[in-house]
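Under UniProt numbering, the residues of the sequence shown are numbered 1 to 151, in order.
The structure under discussion appears below in the form of structure tokens.
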Amino acid sequence: MVISARPKILLQLIRKDEPGGPGASSREQVLEEFLCDQKYSDEEDLPEKLSAFKEKYMEFDLNNEGEIDLMSLKRMMEKLGVPKTHLEIRKMISEVTGGVSHTISYRDFVNMMLGKRSAVLKLVMMFEGKAKESSPQPGGPPPERDIASLP
1 MVISARPKIL LQLIRKDEPG GPGASSREQV LEEFLCDQKY SDEEDLPEKL
51 SAFKEKYMEF DLNNEGEIDL MSLKRMMEKL GVPKTHLEIR KMISEVTGGV
101 SHTISYRDFV NMMLGKRSAV LKLVMMFEGK AKESSPQPGG PPPERDIASL
151 P
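This is the structure in structure tokens:
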């Protein structure tokens with residue numbers, strides 16, 4: 001499947017009627033670049049992946065600044081049940097950005113997800129999937145126990 005043949009049409013399929021927010025036009029430019037890039041032409045389901053990455057990026061950008069900063073990533077990791085220290089979060093951001101920035105731009109995010117360094121957020125997405133699948137905790141008071149049931 002040749003994806004670079006119709007990037008404008010694919011972009012229209014990926015776009016949603018969401019409020020733009022900061023960086024909306026730059027996100028669209030990044031999507032178009034990845035759709036036109038020959039390096040990713042053999043990537044299976046690229047438009048679907050880019051759409052999922054866009055949704056995930058906007059979820060991680062909790063304060064709608066157009067970038068994922070340390071606190072946004074920390075809060076998201078806590079939401080996923082994988083709390084990390086500030087130092088661990090800084091190391092993750094540094095790994096993604098190559099030490100150039102203290103925030104993750106959309107371009108860095110998509111590069112990470114499509115590139116070799118995608119392990120960090122693929123792990124996050126995996127944990128999120130497991131968190132959604134996990135059965136709910138039983139409600140109400142705990143069952144009564146007697147001395148024989150104690151270890």
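Virtual Cβ for every residue (Gly too), placed ideally from N, Cα, C.
Residue j beta carbon less than 8 Å from that of residue i
i	j	result
residue 110	residue 35	no
residue 73	residue 102	no
residue 83	residue 76	no
Residue i, buried or exposed, once every other Cβ within 10 Å from all chains shown has been counted against 16
i	result
residue 30	buried
residue 68	buried
residue 91	exposed
residue 147	exposed
residue 39	exposed
residue 108	buried
Cα-Cα separation, residue i to residue j
i	j	result
residue 150	residue 81	29 Å
residue 112	residue 97	9 Å
residue 28	residue 143	54 Å
residue 65	residue 88	22 Å
residue 53	residue 44	14 Å
residue 62	residue 141	35 Å
residue 145	residue 47	55 Å
residue 106	residue 59	12 Å
residue 114	residue 57	14 Å
residue 139	residue 26	46 Å
Beta carbon proximity, residue i to chain B, threshold 8 Å
i	result
residue 97	Here there is only one protein chain, and chain B is not present.
Quick check for students: name the residue ranges of the alpha helix (DSSP H) that lie wholly in the stretch 70-107, counting only runs of 4 or more. 70-79 and 86-97
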